[in-house]
Amino acid sequence: MASLSSNLINTLINMFPLIVATIIGLYMYKTNGMLILLENNRTFVDQKAAFGPTVGSSGITGQLFLIGKSIPGDEYGCLQTDEIYPKPENWIALVKRGKCPFVQKVRNMQTYGASAVVVADPIQDHPIIMYSTGNVSDVKIYSTFITRSVYNVVLEEFDIDSKEVMIKLDDDDGPEPQVHSLLFMVFFSFLALFFIIF
Numbered sequence: 329m330a331s332l333s334s335n336l337i338n339t340l341i342n343m344f345p346l347i348v349a350t351i352i353g354l355y356m357y358k359t360n361g362m363l364i365l366l367e368n369n370r371t372f373v374d375q376k377a378a379f380g381p382t383v384g385s386s387g388i389t390g391q392l393f394l395i396g397k398s399i400p401g402d403e404y405g406c407l408q409t410d411e412i413y414p415k416p417e418n419w420i421a422l423v424k425r426g427k428c429p430f431v432q433k434v435r436n437m438q439t440y441g442a443s444a445v446v447v448a449d450p451i452q453d454h455p456i457i458m459y460s461t462g463n464v465s466d467v468k469i470y471s472t473f474i475t476r477s478v479y480n481v482v483l484e485e486f487d488i489d490s491k492e493v494m495i496k497l498d499d500d501d502g503p504e505p506q507v508h509s510l511l512f513m514v515f516f517s518f519l520a521l522f523f524i525i526f
């Protein structure tokens, strides 16, 4: 029994740096961002990509273009085109999820001169983090992901008198609720194990 208790204590001591690093990592890593419709200040949660630059301290503001409708192009952002079309200096591309890797969509929109890319899921309502396993050092613009419900609200904005849709992409304030939950779960599991042993 003493040997078992001693082994558990040694295991906990050895795992302590890993537990601390996990807690710090969970607290520091934020995936949530915000998409703000500037016309009415409606704010939605988006999921920042795991590649490319951050949104920056002041966020990114620009006119949102629905690729394939507002301007010509493949609505999924997968095909490159030589077509030239007028666009403002700061503009944000909205493309659909599917048919090619996320990073390909972002690279194509970067080639077109977009300041940022919003990838929308037209089917699922579950947020995901866009990532790439390859070298993404060439990606110089910010990108983010929105779910079907957010996408549908954004599409409604385009239907109102064919007006320009202005948005701001920004950081969310504070760590996400799921991160807080994970922190508490890890901490209290460790605390419970400590009291069981002693």
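Numbering of the sequence shown is given in this note's numbering, commencing with residue 329 and proceeding in unit increments. A virtual CB, placed ideally from N, CA and C, is assigned to each residue, including glycine. Model, not experiment: these values are computed from the prediction.
From the options, residue whose alpha carbon lies closest to that of residue i
i       : options                            : result
Ile-399 : Gly-387, Ala-378, Pro-416, Leu-365 : Pro-416
Ala-377 : Gln-452, Ile-495, Val-445          : Val-445
Arg-425 : Lys-397, Thr-439, Thr-475, Val-383 : Thr-475
Tyr-479 : Tyr-440, Ile-488, Asp-453          : Asp-453
Tyr-440 : Glu-484, Phe-393, Glu-485, Val-482 : Phe-393
Sequence-distant residues of its chain with Cβ nearer than 7 Å to residue i (five each side left out)
i       : result
Val-427 : Rather than Val, the amino acid found at residue 427 in this sequence is Lys. Tyr-404, Cys-406.
Ser-443 : Ile-388, Gly-390, Asn-418, Trp-419, Ile-420, Ile-469
Pro-429 : Ser-460
Which of helix, strand or coil DSSP assigns to residue i
i       : result
Arg-476 : helix
Met-343 : helix
Lys-433 : helix
Phe-393 : strand
Val-445 : strand
Asn-418 : coil
Ile-388 : strand
Ser-334 : helix
Phe-486 : helix
Thr-371 : strand
Val-481 : helix
Tyr-542 : One cannot answer for residue 542 here, as it falls past the ends of the chain, which runs 329 to 526.
Residues near residue i in its chain [Cβ-Cβ closer than 8 Å; skip 5 each side]
i       : result
Gly-380 : Val-434, Val-464, Val-467, Lys-468, Ile-469, Tyr-470, Ser-471
Val-431 : Phe-379, Met-458, Ser-460, Gly-462, Val-464, Val-467
Asp-500 : Lys-358, Asn-360, Gly-361, Met-362, Val-373
Residue i versus residue j - alpha carbon distance
i       : j       : result
Val-447 : Val-423 : 5 Å
Ser-477 : Ile-364 : 14 Å
Trp-419 : Ile-451 : 25 Å
Ser-385 : Gln-408 : 31 Å
Asp-498 : Glu-492 : 19 Å
Glu-367 : Asp-410 : 32 Å
Asp-487 : Met-494 : 14 Å
Val-481 : Lys-397 : 16 Å
Val-383 : Thr-339 : 41 Å
Glu-484 : Gln-438 : 26 Å
Local Cβ density within 10 Å of residue i, reported as buried at 16 or more and exposed below that
i       : result
Ile-337 : exposed
Asn-436 : buried
Met-458 : buried
Gln-401 : According to the sequence provided, residue 401 is Gly. The question's Gln does not apply to it. Gly-401 should be labelled buried.
Asn-369 : exposed
Ile-395 : buried
Phe-344 : exposed
Ser-334 : exposed
Asp-449 : buried
Any non-hydrogen atom of the ligand SAM closer than 7 Å to residue i Cβ
i       : result
Ile-495 : Among the components modelled here there is no ligand, and therefore nothing to report on the ligand SAM.
Same chain, Cβ closer than 6 Å to residue i, five either side skipped, listed in chain order
i       : result
Gln-375 : Thr-359, Pro-455, Ile-457, Phe-473
Thr-371 : Met-362, Ile-364
Thr-389 : Lys-496
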